[in-house]
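Using the UniProt record's numbering, you'd call the opening residue of the sequence shown number 1 and step up by one each time.
Before any comments, here is the structure.
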Amino acid sequence: EVFVPLVHRAGEAQFDVGEAMVRFARRNFLVPAPEVDDLEQLNARLLKACGNDLRRKLRGKAATKQALLAEEQQAFLPLPDVPFEACRHESTTTNPHYSQAWRKESGRSVEIAW
1 EVFVPLVHRA
11 GEAQFDVGEA
21 MVRFARRNFL
31 VPAPEVDDLE
41 QLNARLLKAC
51 GNDLRRKLRG
61 KAATKQALLA
71 EEQQAFLPLP
81 DVPFEACRHE
91 STTTNPHYSQ
101 AWRKESGRSV
111 EIAW
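Here's what the structure looks like:
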């Protein structure tokens, strides 16, 4: 088969690598909340912490994260010449009683001012 569908059972938690990365970053870089004077100071602190993290070896891997990234970058495709706008601009209606905007069959909470 060219395509094998992956089916999740209803109610089964779906693990997402992106969510795990966000949890890792929060736990390791933002808890406890850093005390900084401005965003520039926070960004500098995060840049340093991420640089330190690149020198770490992952469990089960012989190389550092930095070496593994350099190896993987060789397979990267070039960026397109034209910028990609990663969003859709659509008009919708809102339900003022529930503060929801609807897109297709999915309701999203919105600020009352909208």
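C-beta: ideal position from N, C-alpha, C; glycine also.
Query                                                                      : Result
beta-carbon glutamate 85 near the ligand SAM non-hydrogen atom, thresh 7 Å : The ligand SAM is absent from the structure shown, which contains no ligands of any kind.
C-alpha gap between leucine 54 and alanine 33, whole angstroms             : 22 Å
Alpha-carbon to alpha-carbon, glutamate 85 and leucine 39                  : 26 Å
Cβ-Cβ distance between arginine 45 and valine 36 below 8 Å                 : yes
Identity of the residue in Lys48, Lys104, Arg27 nearest serine 91 by Cα    : Lys104
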